[in-house]
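Position 26 (the sequence shown) corresponds to 29 in the working numbering; numbering is contiguous.
Below is one structure, written out as structure tokens; the observations come after it.
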Amino acid sequence: MSENPTYFSVWNRPLNQGCFLNEKQAAILLKDLEAFTLGDLLRHFPFRYEDRSEILPIKSLSPGMALPAQIAARLEHYEFLGQGPGRRLSAKFQDESGVIEAIWFQKPDIISKFLHLGKTYLLFGRLNEFNGKLNFTHPEMEIFQPEKPRPVMEPVYFTTEKMKRMGMDSKSLNRIILRNLEARRLELKEPFSNSFMQASGLMGLDKSILEIHLPSSQNGLEKARERLKVEELFPLQFYLQQKRMNNKTSKQGFPMPRLESFNIFFNSHLPFSLTNAQKRVVKEIRSDLVSGKQMNRLIQGDVGSGKTIVAFLCMLMAIDNGYQACLMAPTEILANQHFIGISGLAEKIGIRVELLTGSTKTSARKKIVAGLDDGSINILIGTHALIEAYVQFNNLGLAVIDEQHRFGVAQRAALQSKTRERILPHILVMTATPIPRTLAMALYSDLDISAIDELPAGRIEIQTAHRLESQRMRVFGFIKEQILLGRQAYIVYPLIEESETLDLTNLMDGFESISRAFPEYHLSMVHGRMKSADKDFEMARFVKGETSIMVATTVIEVGVNVPNASIMVIENAERFGLTQMHQLRGRVGRGEYQSYCILMTGYKLSREGRLRIETMCRTTDGFEIAETDLKLRGPGDITGTRQSGLSGLKLTNLAEDSALLEKVRNWVADFLSLDPALSTEENKPLKHHLDDILKTKAHWNEIA
Ligand code: ADP
Ligand code: MG
4 MSENPTYFSV WNRPLNQGCF LNEKQAAILL KDLEAFTLGD LLRHFPFRYE
54 DRSEILPIKS LSPGMALPAQ IAARLEHYEF LGQGPGRRLS AKFQDESGVI
104 EAIWFQKPDI ISKFLHLGKT YLLFGRLNEF NGKLNFTHPE MEIFQPEKPR
154 PVMEPVYFTT EKMKRMGMDS KSLNRIILRN LEARRLELKE PFSNSFMQAS
204 GLMGLDKSIL EIHLPSSQNG LEKARERLKV EELFPLQFYL QQKRMNNKTS
254 KQGFPMPRLE SFNIFFNSHL PFSLTNAQKR VVKEIRSDLV SGKQMNRLIQ
304 GDVGSGKTIV AFLCMLMAID NGYQACLMAP TEILANQHFI GISGLAEKIG
354 IRVELLTGST KTSARKKIVA GLDDGSINIL IGTHALIEAY VQFNNLGLAV
404 IDEQHRFGVA QRAALQSKTR ERILPHILVM TATPIPRTLA MALYSDLDIS
454 AIDELPAGRI EIQTAHRLES QRMRVFGFIK EQILLGRQAY IVYPLIEESE
504 TLDLTNLMDG FESISRAFPE YHLSMVHGRM KSADKDFEMA RFVKGETSIM
554 VATTVIEVGV NVPNASIMVI ENAERFGLTQ MHQLRGRVGR GEYQSYCILM
604 TGYKLSREGR LRIETMCRTT DGFEIAETDL KLRGPGDITG TRQSGLSGLK
654 LTNLAEDSAL LEKVRNWVAD FLSLDPALST EENKPLKHHL DDILKTKAHW
704 NEIA
């Protein structure tokens with residue numbers, strides 16, 4: 004607890020202690036909403052608001068109205084109808100414009116007690132059509148008091164059946180929250196200083212909490228939401244920026260000023276001229292490496308943007324200064340491919356590259372261990388095997404991690420500990436998952452980001468089309484044409500998460516029908532449950548062009564490079580996420596040939612599924628796709644392990660709130676430059692507030 008107990012007691016007060024709830028209710032809130040403290044309950048925000056400002060004339064009601072409607076009408080007549088389960092209370096209400104019936108099947112007797120002929124009621128509810136006539140079924144009802152002020156917007160909360168049974172439907176939940184606010188709102192002290200509040204123009208914390216549960220106007224609600232979003236964003240941004248600042252000032256890195264083999268390679272052996280984006284990123288990394296500080300840099304570059312050569316050039320910088328470098332890839336196939344590619348480049352300048360994966364034989368492994376130890380291995384490429392305990396470098400200066408979203412943070416940390424020195428190696432992370440700018444800002448505040456936002460010249464844009472099951476024969480015909488031209492094709496099946504067996508069956512069935520459709524061609528098949536040696540064998544056959552079609556699950560998603568492949572068929576495309584489809588599409592169009600991506604689906608598509616397919620057909624821009632993906636799915640899925648830092652976002656929508664996020668980042672930067680420890684008198688409450696939040700966010704130290 005802090006030095007200022009009243010300040011925190013409101014947020015931390017257990018719900019079963021003086022919060023106008025009985026033990027049972029508190030227990031249900033804990034179970035169903037994970038709300039343990041009053042703070043949790045106050046942060047159970049309405050998920051929408053019903054506009055009740057408008058009272059409609061009965062004549063204007065129609066069956067197609069999407070939203071619940073509100074009328075004010077006089078009760079003319081009521082009666083009980085039917086028997087047994089069909090027994091109901093029917094009431095006729097009239098206003099100047101017409102008459103409408105309201106019906107209650109549940110508790111008709113109790114409801115009838117509240118009905119008084121001749122009185123005017125406010126009725127609110129959804130409209131039904133029955134036998135050609137409109138009615139309200141189970142409307143909310145209260146006696147109309149024109150002089151009484153009504154809330155402009157009625158908050159609607161998520162509730163569960165159990166909560167309702169315990170007398171906590173949306174309405175009563177609101178009442179409970181407001182009652183608590185009435186009793187304790189003044190204890191909700193503002194953590195920000197007066198001067199900051201004035202400068203920022205933010206609404207006060209206590210007022211925002213009240214406003215979000217009891218809006219006074221649309222504008223007031225907007226301001227409240229803004230403030231509460233700041234509440235969500237500020238602590239994480241503060242945490243990340245502070246960490247970054249500490250890294251920058253304290254983490255020494257190996258200085259790597261010398262360029263020798265780098266120059267030789269750059270001047271005489273580059274297989275192509277670099278794009279401007281590649282050059283820029285190499286320069287950015289170069290300036291990190293000579294700075295004497297540890298580099299922590301993320302390279303974002305769409306599939307095919309040429310990240311590998313950039314990584315290789317950076318490894319040369321490390322080697323030129325007497326250090327070793329390693330490159331870690333998420334799959335064996337990919338590690339292999341990197342090994343082949345990079346050894347090809349390295350042999351031109353006499354650099355020793357080795358490959359270490361789970362299937363490296365013991366004898367070879369021993370040689371590698373020795374070579375790492377005596378420093379004769381310059382570059383080690385591999386999979387997770389690189390972080391196993393027996394792997395010790397002589398002097399690891401640079402660790403490159405490809406497709407990092409596949410790696411947990413713990414693994415990254417393990418990599419860092421592979422060196423004998425107390426100084427940590429430079430870290431370069433490469434990802435082809437284009438991360439929307441806002442998300443990158445929200446998550447990677449402690450990483451520097453470089454973007455390779457340009458594809459090598461001469462690439463022909465991939466053509467993408469949506470095809471239905473009924474057009475399959477034509478699709479197969481097209482694949483044949485391409486194979487006759489000497490090309491190769493991928494046909495990819497989705498992973499079905501609920502059932503691995505179904506998954507495999509799906510793939511096997513597909514494989515069968517493809518073998519029948521293409522009896523004259525050799526096929527490869529790769530899926531997640533094959534031994535990696537078998538996978539590699541199949542993949543290698545495809546890479547060498549010995550097979551024409553690769554039938555696979557998404558294991559081929561990442562990084563694989565077969566420039567001769569020109570068709571990517573995605574089966575059951577509606578099951579794939581956008582980012583994933585984009586990654587798959589990136590497997591083709593890597594050579595000089597016009598390439599195609601065909602999205603196969605059935606007739607029926609969900610709205611979202613259709614949107615994803617349309618987006619894929621419309622654009623090949625990874626950033627646009629990532630933005631759409633973010634809007635459709637929210638940040639969690641895109642970021643994988645990193646979502647931990649964002650799981651607390653209830654109001655903030657990173658796809659829409661980028662401007663606010665930018666503001667918060669700047670505010671945080673201001674605080675950190677003026678009063679980094681938040682030790683001045685006026686910033687003390689903020690310090691307490693953040694400390695208190697951080698206590699509950701232990702998982703944040705796993706971010707980045
Ligand atoms: P990714 O960013 O997806 O990892 P790669 O590094 O595998 O991309 O590069 C994709 C392909 O483009 C490779 O065949 C590579 O040799 C080629 N490439 C990379 N940079 C250039 C360039 N500047 N000009 C021409 N081809 C390039
Ligand atoms: Mg790559």
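Even glycine gets a Cβ: it sits at the ideal position worked out from N, Cα and C.
In this text the structure is predicted, and so the values were computed from the model without any measurement.
Distance CB(residue i)-CB(residue j) smaller than 8 Å
i: Q244; j: G295; result: no
i: L231; j: L181; result: no
i: M553; j: S527; result: yes
i: Q327; j: I380; result: yes
i: R590; j: M571; result: yes
i: Y710; j: F50; result: Residue 710 lies beyond the residue range present for the chain, which begins at 4 and ends at 707; the question has no answer from this structure.
i: R188; j: D209; result: yes
i: A435; j: V306; result: yes
i: Q240; j: V667; result: yes
i: R470; j: I312; result: no
i: L431; j: R610; result: no
i: V529; j: F237; result: no
i: I616; j: V495; result: no
i: P149; j: L126; result: no
i: D98; j: I74; result: yes
Backbone secondary structure at residue i - three-state DSSP
i: G223; result: helix
i: E99; result: coil
i: K296; result: strand
i: A332; result: coil
i: W14; result: helix
i: V372; result: helix
i: I601; result: strand
i: R544; result: helix
i: N138; result: strand
i: F23; result: coil
i: F479; result: helix
i: Y242; result: helix
i: I354; result: coil
i: T123; result: strand
i: I552; result: strand
i: T642; result: Its pLDDT being 42, under 50, T642 is placed unreliably in this model, and the value from its coordinates should be taken loosely. It is helical.
i: E501; result: Residue placement at E501 is poorly supported in this model, since its pLDDT is 49, which falls under 50; the coordinates still yield a value, given next. Of the three classes helix, strand and coil, the one that applies to E501 here is coil, per DSSP.
i: S198; result: helix
i: H387; result: helix
i: H525; result: coil
i: S271; result: helix
Contact test: residue i Cβ vs the ligand MG heavy atom, cutoff 7 Å
i: T311; result: yes
i: D305; result: no
i: A435; result: yes
i: D405; result: yes
For residue j and residue i, believed in contact at Cβ under 8 Å, the rounded distance
i: L614; j: L635; result: 7 Å
i: T360; j: G400; result: In fact, because the Cβ distance is near 22 Å, the residues do not count as touching under 8 Å.
i: M169; j: Q28; result: 5 Å
i: I382; j: V356; result: 4 Å
i: I103; j: N138; result: 7 Å
i: A280; j: E457; result: 4 Å
i: M16; j: L41; result: Here the sequence assigns Arg to residue 16, which means Met is not the residue at that position. At roughly 4 Å, the Cβ-Cβ gap stays under 8 Å, so R16 and L41 are in contact.
i: M603; j: A568; result: Not quite, the Cβ-Cβ distance comes to about 17 Å (not below 8 Å), so this is no contact.
i: I114; j: L92; result: 6 Å
Chain C within 8 Å of residue i, Cβ atoms only
i: P111; result: Among the chains in the structure shown there is no chain C, since it carries only a single protein chain.
Proximity test, residue i beta-carbon vs the ligand ADP heavy atom, cut-off 7 Å
i: S276; result: yes
i: N564; result: yes
i: P459; result: yes
i: S308; result: yes
i: Q281; result: yes
i: R593; result: yes
- alpha helix (DSSP H) runs contained entirely in the region 669 to 698, provided each spans 4 or more residues: The region 669 to 698 contains these whole alpha helix (DSSP H) runs: 687 to 698.
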